[in-house]
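Position 152 (the sequence shown) corresponds to 156 in the numbering used here; numbering is contiguous.
C-beta atoms are modelled at their ideal positions from N, C-alpha and C, and glycine is treated no differently.
Computed from a prediction, not measured in an experiment: that's the story for all the values here.
A short worksheet on the structure shown next.
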Amino acid sequence: MISGRDDIMITREVVNQAIDYILQHTEEELTLNEVAEYCHFSKFYFSRLFKEQTGESVYAYIRRIKLEQSAFRLKVEKERRITEISADYGYSSSNYSSAFRQHYRMAPVEFRRRSRKKSQEHPFFHGAGWQAASFEECDSRIRIEEVPDYYVIYERRFGSYGQLSRSWDSFIERYREYITDGTKFLERTYDDPAVTSTERCLSDVCMSVDESCQLENTIWIQGGRCAVYHFTGHAKYIYAAYQTIFLIWLPRTSYELDQARSMFDIYYAVDSRTMQMELDICLPLKCS
5 MISGRDDIMI TREVVNQAID YILQHTEEEL TLNEVAEYCH FSKFYFSRLF KEQTGESVYA
65 YIRRIKLEQS AFRLKVEKER RITEISADYG YSSSNYSSAF RQHYRMAPVE FRRRSRKKSQ
125 EHPFFHGAGW QAASFEECDS RIRIEEVPDY YVIYERRFGS YGQLSRSWDS FIERYREYIT
185 DGTKFLERTY DDPAVTSTER CLSDVCMSVD ESCQLENTIW IQGGRCAVYH FTGHAKYIYA
245 AYQTIFLIWL PRTSYELDQA RSMFDIYYAV DSRTMQMELD ICLPLKCS
């Protein structure tokens with residue numbers, strides 16, 4: 005965390021490209037040289053630029069992402085052995101345990117055991133008295149769909165998801181001239197706040213535009229086969245909806261998340277006065 009800042013906005017598109025590349029290759033052996041080469045910069049210049057923009061070195065970011073993605077999978081893939089999950093990220097059993105303890109101050113097996121309680125105790129629950137739905141109830145609200153790709157303008161930040169409404173206000177004001185009757189508003193939240201520390205959660209606020217848009221900060225959000233959970237309610241309950249999917253549905257379903265694609269929300273209605281919302285939570289799935 006960079007002291008004194010609520011969040012960190014990534015303003016250099018080449019750093020965003022590097023982050024995307026890292027997120028898409030977390031199960032591979034990534035090096036600074038490889039990432040810098042992908043971005044067409046010398047490793048020395050790129051290393052300084054990446055840390056200046058993100059507050060972390062490339063090596064530290066890769067290491068953290070691998071550990072946090074593995075921790076998330078410990079949470080949602082209850083039937084898989086810890087050694088199998090750690091091997092997916094290039095760790096031996098002993099090295100993984102040591103690295104995991106250093107990051108989370110507990111062993112992987114303890115993290116898995118406490119994951120549900122830790123998720124429910126998160127401040128994002130707002131003391132709402134969350135009642136866990138049954139798998140059958142959750143499953144009945146999820147549709148398996150082919151979601152289209154979206155070409156979007158986006159802004160990316162590290163910081164608390166509780167600050168996203170503020171990010172949206174400034175984003176919409178900045179790109180108001182691009183809004184049409186057909187504009188879709190999308191949000192990508194890359195991290196589970198019960199796994200990743202608040203100030204390091206990564207998010208994109210996005211709006212669809214025509215492919216002719218020449219702005220630098222444009223990108224394709226890849227759709228494809230997704231589990232789609234339709235949410236209606238107050239914004240403060242979105243976290244509970246995500247945790248219902250993570251804690252109840254994913255551990256028991258036969259579907260697997262596609263780690264190479266990001267989760268995203270598609271907004272249909274937002275009342276800024278009451279904070280009532282209607283949106284689809286889209287989780288990319290591996291093809292069977």
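DSSP three-state assignment for E220, whether helix, strand or coil = It is coil, neither helix nor strand.
Report the residue from I223, Y182, A198 whose alpha carbon sits nearest the alpha carbon of R192.
-> With distances taken between Cα atoms, R192 lies closest to I223.
If I'm right that V213 touches W172 with Cβ under 8 Å, what's the distance once you round it to whole angstroms?
-> In this structure V213 is not in contact with W172, their Cβ atoms being roughly 16 Å apart against a cut-off of 8 Å.
Between Y100, R84, K82, E83, which lies nearest to S90 when the distance is taken from Cα to Cα?
-> Across the set Y100, R84, K82, E83, the C-alpha of Y100 shows the shortest separation from the C-alpha of S90.
What are the residues that DSSP puts in a beta bridge with T236?
-> DSSP lists E282 as partners of T236.
Proximal residues to G227 (C-beta, below 6 Å), its chain only, five neighbours per side dropped | V151, P152, D153, listed in sequence order.
Looking only at its own chain, which residues have a Cβ that is under 7 Å from the Cβ of A245, when we skip the five neighbours before and after it?
-> Within the same chain, Cβ atoms closer than 7 Å to the Cβ of A245 are found at Y233, F235, I285, the five residues on either side in sequence being excluded.
Cβ pair count under 8 Å reaching 3, the stretch 10-23 against the stretch 46-59 | Proximity of the stretch 10-23 to the stretch 46-59 meets the contact definition, three or more beta-carbon pairs being nearer than 8 Å.
Following the continuous beta strand (DSSP E) through F162, name the residue where it begins and the one where it ends.
-> Going by DSSP, F162 is part of the beta strand (DSSP E) stretching over 154-163.
Per DSSP, P288 forms a beta bridge with which residues?
-> Beta-bridge pairing links P288 to C230.
Can you list, in chain order, the residues of its chain whose CB lies under 7 Å from that of I242, leaving out five sequence neighbours each side?
-> Excluding residues within five positions, the ones whose Cβ falls inside 7 Å are F235.
Kindly give me the distance between the Cβ atoms of A137 and I252, rounded to whole angstroms, as I take these residues to be in contact under 8 Å.
-> Beta-carbon to beta-carbon, A137 and I252 are separated by about 6 Å, close enough to satisfy the 8 Å threshold.
Using DSSP with H/G/I as helix, E/B as strand and the rest coil, what is T58?
-> Helix at T58.
Quick one: give me the first and last residue of the beta strand (DSSP E) that C43 is part of.
-> Counting along the chain, C43 falls outside any beta strand (DSSP E), and DSSP gives it neither H nor E.
Confirm, please, whether the CB-CB distance from A198 to S123 is below 7 Å.
-> It is a contact, given that the beta carbons lie within the stated cut-off.
Name the residue from Y158, R105, S207 whose alpha carbon lies nearest to the alpha carbon of Q167.
-> The alpha carbon of Q167 has as its nearest neighbour, out of Y158, R105, S207, the alpha carbon of S207.
Spatially closest choice to D11 from S169, L254, F268, by CA coordinates = Comparing Cα-Cα distances from D11 to each of S169, L254, F268, the minimum goes to S169.
What alpha helix (DSSP H) runs, 4 residues minimum, are completely inside the stretch 159-203?
-> Complete alpha helix (DSSP H) runs here, min 4: 168-178.
Run the CB neighbour count on A58, radius 10 Å, all protein chains shown included, and call it buried at 16 or more, exposed below.
-> Contrary to the premise, residue 58 reads as Thr rather than Ala in this sequence. By the neighbour-count criterion, in which a residue is buried when 16 or more other Cβ atoms sit within 10 angstroms of its Cβ, T58 is buried.
Name the DSSP bridge partner or partners of R147?
-> Note: R147 is bridge-paired with V232 in the DSSP secondary-structure output.
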